[in-house]
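Asks: The structure that follows is given in the form of structure tokens.
There are 2 protein chains.
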Amino acid sequence: MVRNMVLTTSEIDKLLDNAKLRHTKQRAQLAKMLFKAENRHFTAEQLHKEARTAGHTISLATIYNTLHQFRSAGLLRQVIVEPGKVYFDTNTEPHHHFYIEDDGELLDVERNEVKISTLPEIPKNCNIREMDVIIRLRKK
Amino acid sequence: MVRNMVLTTSEIDKLLDNAKLRHTKQRAQLAKMLFKAENRHFTAEQLHKEARTAGHTISLATIYNTLHQFRSAGLLRQVIVEPGKVYFDTNTEPHHHFYIEDDGELLDVERNEVKISTLPEIPKNCNIREMDVIIRLRKK
DNA sequence: AAGGTTTTTAGAACCATTCTAAAAAAGAAA
DNA sequence: TTTCTTTTTTAGAATGGTTCTAAAAACCTT
Ligand SMILES: [Mn+2]
Ligand SMILES: [Mn+2]
Ligand SMILES: [Zn+2]
Ligand SMILES: [Zn+2]
Numbered sequence: 306m307v308r309n310m311v312l313t314t315s316e317i318d319k320l321l322d323n324a325k326l327r328h329t330k331q332r333a334q335l336a337k338m339l340f341k342a343e344n345r346h347f348t349a350e351q352l353h354k355e356a357r358t359a360g361h362t363i364s365l366a367t368i369y370n371t372l373h374q375f376r377s378a379g380l381l382r383q384v385i386v387e388p389g390k391v392y393f394d395t396n397t398e399p400h401h402h403f404y405i406e407d408d409g410e411l412l413d414v415e416r417n418e419v420k421i422s423t424l425p426e427i428p429k430n431c432n433i434r435e436m437d438v439i440i441r442l443r444k445k
Numbered sequence: 306m307v308r309n310m311v312l313t314t315s316e317i318d319k320l321l322d323n324a325k326l327r328h329t330k331q332r333a334q335l336a337k338m339l340f341k342a343e344n345r346h347f348t349a350e351q352l353h354k355e356a357r358t359a360g361h362t363i364s365l366a367t368i369y370n371t372l373h374q375f376r377s378a379g380l381l382r383q384v385i386v387e388p389g390k391v392y393f394d395t396n397t398e399p400h401h402h403f404y405i406e407d408d409g410e411l412l413d414v415e416r417n418e419v420k421i422s423t424l425p426e427i428p429k430n431c432n433i434r435e436m437d438v439i440i441r442l443r444k445k
């Protein structure tokens, strides 16, 4: 998918088709807000506020529904760094995070920026699903 | 602190003294439940249920109060791996975790079992507070 | 346009956690 | 021990992010 600019209408159509989701006003608006050049980390409520500010009429329930649908389609992933709050991430490549605790900001760390040379033995009967590295930061 | 057995009454006294907490029945009961030979990972509600089962009369509010006090005293740390739920950990050494997603179980990974040879550049004006590695597992 | 299906929505429900404020316990002073 | 002050415990209310419910709106096919 092209990602070096705002998506065109036909690119949004394609995105929703690929995700096997019907083309609705709300899904198109959210797709357009989310899938631009830069990756983003955000919560459902932040996105809701942003959509309303942009003049879109969309309920919080639809934000949640759509985010989960995008996630099932592999367009978003979740990041858990704080109790009682879920971040969504447009970067679906395996990667890691800085978390600036002072203001709740997440920053990407490319996978190759953290070189892990030794791994512990995995418990029997288990497979690795994912490995998260979270580097928690405080501002000086 | 001795940790290769159940704590004696005087060891619990010492633990509460060090934490600058008054010696109450509830705090002593919880300390005795928590600080044994093996480290534990648990939620507040799990601990509440366990305390009631052991015949102790203690409210959930006191469980939360005490866990936070123990944490401030450096006797416990929190682990965040799932939305809407906080795990407490009696292992306060820097270390990492396996998280078995199927049954919500946390397992310790010693710090030296994960060798990290390259770290990304830390954003300006920030210091590392902590680094968490969570290896998410699924049962075969 | 009609009919059947999916989506959106407002508001209720949920649930782990925190808060409130009153009763109980602890400690100090006498 | 009695009294006084401070801290702790507690039941239950409140909170807040998320999910659920079920009815209205939008969508798609015929
Ligand atoms: Mn939020
Ligand atoms: Mn719990
Ligand atoms: Zn990211
Ligand atoms: Zn641990």
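Taken in sequence, the protein lines are chains A and B.
Note that this note's numbering numbers the first sequence so that position 123 is 428, with each residue one more than the last.
Note that this note's numbering numbers the second sequence so that position 7 is 312, with each residue one more than the last.
All C-beta atoms, glycine included, are put in the ideal place defined by N, C-alpha and C.
With DSSP collapsed to three states, give me the class of residue 445 (chain A).
Replies: In the structure shown, residue 445 (chain A) sits in coil (DSSP, three-state: anything other than H, G, I, E or B).
Asks: Between which two residues does the beta strand (DSSP E) carrying residue 415 (chain A) extend?
Replies: Segment: none, residue 415 (chain A) is in no beta strand (DSSP E) and carries neither H nor E.
Asks: Between the C-alpha atoms of residue 386 (chain A) and residue 330 (chain A), what's the straight-line distance to the nearest angstrom?
Replies: 32 Å
Asks: Taking 7 Å as the limit between beta carbons, can you name the residues of its chain near residue 332 (chain A), skipping five residues before and five after?
Replies: 321, 326 and 371
Asks: Run through the DSSP bridge pairs and tell me what residue 432 (chain A) is partnered with.
Replies: B:443
Asks: Please output, in chain order, the residues near ligand 4 using a CB cut-off of less than 7 Å to any non-hydrogen atom of the ligand.
Replies: B:344, B:346, B:384, B:394, B:396, B:400, B:402, B:411 and B:413
Asks: In whole angstroms, what is the alpha-carbon distance linking residue 441 (chain A) and residue 340 (chain A)?
Replies: 26 Å
Asks: Is residue 318 (chain A) helix, strand or coil when you go by DSSP?
Replies: helix
Asks: Determine the contact status of residue 402 (chain A) and residue 419 (chain A), defining contact as a CB-CB distance below 7 Å.
Replies: no
Asks: Based on Cα-Cα distance, which residue from B:310, B:335, B:345 and B:444 lies nearest to residue 394 (chain B)?
Replies: Closest option to residue 394 (chain B), Cα to Cα, is B:345.
Asks: Taking only the alpha-carbon atoms, compute the straight-line gap between residue 412 (chain B) and residue 361 (chain B) and give it to the nearest angstrom.
Replies: Straight-line Cα distance between these residues: approximately 27 Å.
Asks: Who are residue 384 (chain B)'s beta bridge partners in DSSP?
Replies: B:392
Asks: Give the DSSP bridge partners of residue 348 (chain A), in chain order.
Replies: In DSSP, residue 348 (chain A) forms no bridge with anything.
Asks: Run through chain B and tell me which residues come within less than 8 Å of residue 386 (chain A), C-beta to C-beta.
Replies: 385
Asks: Going by beta carbon distance, what residues of the same chain come within less than 6 Å of residue 444 (chain A), once the five residues before and after it are set aside?
Replies: 407
Asks: In chain A, which residues lie less than 8 Å from residue 412 (chain B) when you measure between Cβ atoms?
Replies: By Cβ distance, chain A contributes 428.
Asks: Counting only beta-carbon atoms, is residue 444 (chain B) nearer than 7 Å to chain A?
Replies: yes
Asks: Mind pulling the chain B residues with CB within less than 9 Å of residue 418 (chain A)?
Replies: 423, 424, 425 and 426
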